[in-house]
Amino acid sequence: MSVVTKAIGLAKKVKHRFEDEIHARTPVYLSPVRRIERVALTDRVCAMTFDDGPCRLPANPSADGKPLTLSLLETLKHYGAKGTFDIVGDTSANYPDKPGKEGSAQWGGIKYDHYPDFGKDADGGAKSCPELVERILSGGHEITSHTYRHVLFGPKPLVYGSRDPLPGLDAVVDDLQTLHGLLQSQYQYEIELSRPPHYVDNTKDGFSAYDAYAVMGYQYMAASFDGAGWLPLASYEAEVDAMVAPMQKLLEENPDALCGQIIFQKDGYNMARRSPVADGLKKQLELLSKLGYKVVTVSELLSRCPFRDLSPQDALFPAAKKLLDAGFCICFRDNTLRRDLPLTRAELAMMAYGCKTVQARIELVRSKKSVCKDVPCKHPYAAAVQAALQSGAMQETGGKFLPDAPVSQLDFTAFCKVIFGKDFTGVAPKTHADTIRFLAKLL
């Protein structure tokens, strides 16, 4: 095994281990905002996302001097692929600052990120590169939000201890709204997905990216396969190989391995100020093309299957899709349905009211007032429980809601009467799958 291969493997292991630790510490509960990493498709369809652009600077190294984003668009067109461009707005306000050490996470700036590079902010972002935004949209590609200024939502001491994050949820929402408004006003385009800078979720005032995205009506766009173009290695050739070799190995072992997956790429320079994606993308798409893969936007991927653990072939799929489209909060934060999980009273309240109580949740947390004795303001379902009680769809007993108790026959009968205006007869559902079937029939 070469030194380069070992370096690639070590870098990815560290990155994946860190991400796994974050996932392990993150509680999973029903949420109006789902973290989209991959979906349960058996067809050879996948999506590619490109962070940090648009980039007007040429690829490095470059033979033709074309803007990097334009080169990527031309490559996608050649292979009949559609990309999802996770763009920034403008990083020119991220000063005063100093450039960081090349090859480090702070290569583009000590206090803030600067795209496409320190002191060259005017050559990147939607504000400065309208011609590239227009090319993205005219090519049928998707645009998602990587925020306007690409400032961390909150602290990240382990890697970015020198960075100045945004002060709290309101500032995060303001930043997201700035980019959203730019795309609306200049291109009549509605952003629907977003990825936080460096995947930092928690804000300084106790909220998270999920709260900000709920306010914006976004889903959280993550990724399940690392395209590896961000890795700074000993040479450009090694960096290109790092993008291609893992994908090739994976597909040789299992040609269907990338079905339903979202691939992470970078529309910009890596830490060594090179852009292996300019050549690596061609080789990746060639591999996928030979196996009959169709590369689509993330939104198209979700239109084919919105769930991580329920395929379109499953008998439960039509009912789940019907409820999701109707605005019911039936998915957990990790985009699973967990069909066999026992149904609790708080989950039933969340299914009906979770998508309708986004602002109420924020206000409730800030008020520091409990909904009832056993549902404090920071309980993930507190606002939904409050709405269920206020509407009469559910009741408390002795000042307690009993959020983790199973749903009784009486609970479900009252719930259906208020939510659907229909009398319920039969046995109350015990699992999430049973609940989804019942509610879909009542719609």
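Mind the numbering: the sequence shown is residues 12 to 454 in the working numbering, read in order.
Note that beta-carbon positions come from the ideal geometry of N, C-alpha and C, so glycine has one too.
* Identify whether K333 lies in helix, strand or coil by the three-state DSSP scheme. => As a working mapping, residue 333 is identified with position 322 in the sequence shown. K333 falls in the helix class under three-state DSSP.
* Smallest Cα separation from Q199: which of C140, I341, T158, E145? -> Taking the sequence shown and counting its residues from 1, one reaches residue 199 at position 188. Comparing Cα-Cα distances from Q199 to each of C140, I341, T158, E145, the minimum goes to E145.
* Could you check the C-alpha separation between V309 and I47 for me, to the nearest Å? => For the purposes of this step, residue 309 is identified with residue 298 of the sequence shown, where counting begins at 1. For the purposes of this step, residue 47 is identified with residue 36 of the sequence shown, where counting begins at 1. Distance between the alpha carbons of V309 and I47: 9 Å.
* Closer than 8 Å by C-beta to D1: which residues in its own chain qualify, once you throw out the five before and the five after it? Chain order, please. => The question about residue 1 has no answer, for the chain in this structure spans 12 to 454.
* Asked: Is it right to say E374 is buried, meaning 16 or more other beta carbons lie within 10 angstroms of its own, or is it exposed?
  -> One-based indexing of the sequence shown puts residue 374 at position 363. Flag for E374 reads exposed.
* Could you give the residue range of the beta strand (DSSP E) that holds C57? -> Indexing the sequence shown from 1 puts residue 57 at position 46. Per DSSP, C57 belongs to the beta strand (DSSP E) from 56–62.
* How long is the line joining the alpha carbons of L68 and K77, rounded to whole angstroms? -> Along the sequence shown, read from residue 1 onward, the residue named residue 68 stands at position 57. Along the sequence shown, read from residue 1 onward, the residue named residue 77 stands at position 66. Approximately 8 Å, taken between the alpha carbons.
* Which stretch, first to last residue, makes up the alpha helix (DSSP H) that contains M232? -> Within the sequence shown, the letter at position 221 stands for residue 232. Per DSSP, M232 belongs to no alpha helix (DSSP H); it is in the beta strand (DSSP E), 230–232.
* Quick one: using the 10 Å Cβ neighbour count with 16 as the cut-off for buried, is L169 buried or exposed? => Your numbering for residue 169 matches position 158 in the sequence shown. The residue in question, L169, is exposed, as its Cβ has fewer than 16 Cβ neighbours within 10 Å.
* To do: List in chain order: all unbroken beta strand (DSSP E) runs of 3+ residues lying wholly within the stretch 278–342.
  => 305–307
* Asked: Going straight from the alpha carbon of T16 to that of A253, what length do you get?
  -> As a first step, residue 16 is located in the sequence shown; it is residue number 5 there, counting from the start. As a first step, residue 253 is located in the sequence shown; it is residue number 242 there, counting from the start. Confidence at T16 is low in this model, with a pLDDT of 42, below 50, so the placement of that residue should be treated as unreliable; the coordinate-derived value is given next. Roughly 8 Å between the two C-alpha positions.
* **Spatial neighbours of L302 in its chain, beta-carbon cut-off 8 Å, leaving aside the 5 residues before and after** => As a working mapping, residue 302 is identified with position 291 in the sequence shown. Around L302: R55, L262, P266.
* Write down the C-beta distance between P243 and M282 rounded to the nearest angstrom, noting that I regard them as a contact closer than 8 Å. => Here residue 243 corresponds to residue number 232 of the sequence shown, with the count starting at 1. Here residue 282 corresponds to residue number 271 of the sequence shown, with the count starting at 1. The Cβ separation is near 4 Å, so the contact holds.
* To do: With E264 as the anchor, note down where its alpha helix (DSSP H) starts and where it stops.
  => Indexing the sequence shown from 1 puts residue 264 at position 253. Note, E264: alpha helix (DSSP H), 247–264.
* Asked: DSSP on L352, reduced to helix/strand/coil?
  -> The sequence position of residue 352 within the sequence shown is 341, counting from 1. Of the three classes helix, strand and coil, the one that applies to L352 here is coil, per DSSP.
* With F431 as the anchor, note down where its alpha helix (DSSP H) starts and where it stops. => Reading the sequence shown from its first residue, position 420 is the one you call residue 431. Unbroken alpha helix (DSSP H) run through F431: 420–431.
* Considering only C-alpha positions, which residue in the set L335, R284, L193, G94 is nearest to G71? -> To locate residue 71, count along the sequence shown from 1; it is residue 60. It is worth fixing the name first, because residue 71 is Asn in this sequence and not Gly. Out of L335, R284, L193, G94, R284 has the C-alpha closest to the C-alpha of N71.
* Asked: Any heavy atom of the ligand FAD within a distance shorter than 7 Å of the CB on N265?
  -> Absent from the structure shown: the ligand FAD. Ligands present: none.
* Do Y159 and L194 have their CB atoms nearer than 8 Å? -> Residue 159 sits at position 148 when you count from the first residue of the sequence shown. Residue 194 sits at position 183 when you count from the first residue of the sequence shown. No, the pair does not count as a contact, with Cβ atoms beyond the cut-off.
* Contacting residues, own chain, Cβ-Cβ under 8 Å from A451 (five flanking each side not counted) -> Here residue 451 refers to the residue found at position 440 when the sequence shown is read from its first residue. Here the set comprises P329, A330, A331, K333, L334.
* Asked: The beta strand (DSSP E) with I98 in it runs from where to where?
  -> As a first step, residue 98 is located in the sequence shown; it is residue number 87 there, counting from the start. Here the beta strand (DSSP E) through I98 covers 95–98.
* Own chain partners of C140 with C-beta closer than 6 Å, once the 5 adjacent residues on each side are dropped -> Residue mapping note: residue 140 aligns to position 129 of the sequence shown, counting from 1. Only P65, R67 meet the Cβ criterion.
* Per DSSP, which one or two residues make a beta bridge with D237? -> Indexing the sequence shown from 1 puts residue 237 at position 226. F275.
* Taking I447 as part of the alpha helix (DSSP H), name the residues at either end of that continuous run. => Here residue 447 refers to the residue found at position 436 when the sequence shown is read from its first residue. Looking at the DSSP string, the run of the alpha helix (DSSP H) that includes I447 is 443–453.
* Straight-line Cα distance separating F426 from I147 -> Indexing the sequence shown from 1 puts residue 147 at position 136. Indexing the sequence shown from 1 puts residue 426 at position 415. Looking at the two C-alpha atoms, the distance is approximately 46 Å.
* Cβ pair count under 8 Å reaching 3, the stretch 379–399 against the stretch 353–365 -> yes
* **Nearest candidate by alpha-carbon position, reference L454, set G437, G410, S402, F339** => In the sequence shown, residue 454 corresponds to position 443, counting from 1. Among G437, G410, S402, F339, the Cα nearest to that of L454 is on F339.
* Given 8 Å as the limit, is there contact between the stretch 338–354 and the stretch 431–451, that is, 3 or more CB pairs closer than that? -> yes
* Alpha carbon to alpha carbon, what distance is there between D336 and Q324? -> Within the sequence shown, the letter at position 313 stands for residue 324. Within the sequence shown, the letter at position 325 stands for residue 336. Cα to Cα, Q324 sits roughly 18 Å from D336.
* Within the stretch 68–149, note down every full beta strand (DSSP E) run reaching 3 residues or more, in order along the chain. => 95–98
* **Residue closest to Y40, alpha-carbon to alpha-carbon, out of E358, K428, D212, K131** => The sequence position of residue 40 within the sequence shown is 29, counting from 1. The candidate whose alpha carbon is nearest that of Y40 is E358.
* If you run the structure through DSSP and keep just helix, strand and coil, what is R377? -> Along the sequence shown, read from residue 1 onward, the residue named residue 377 stands at position 366. R377: helix per DSSP, three-state reduction.
* Which whole-angstrom value describes the C-beta separation of A249 and F164, a residue pair presumed to lie in contact below a C-beta threshold of 8 Å? -> Taking the first residue of the sequence shown as 1, we reach residue 249 at position 238. Taking the first residue of the sequence shown as 1, we reach residue 164 at position 153. Between F164 and A249 the Cβ distance is about 33 Å, and since that is not below 8 Å, they are no contact.
* Candidates T86, S82, Y171: which alpha carbon is nearest W118's? -> Numbered from its first residue, the sequence shown carries residue 118 at position 107. Among T86, S82, Y171, the Cα nearest to that of W118 belongs to Y171.
* **Distance, K433 Cα to A137 Cα** => Taking the sequence shown and counting its residues from 1, one reaches residue 137 at position 126. Taking the sequence shown and counting its residues from 1, one reaches residue 433 at position 422. Those two C-alpha atoms are separated by around 50 Å.
* Put I19 into one of helix, strand or coil per three-state DSSP. => Against the sequence shown, residue 19 aligns to sequence position 8. Because the pLDDT of I19 is 47, which lies under 50, any placement of that residue in the model is unreliable, and the question is left without a value.
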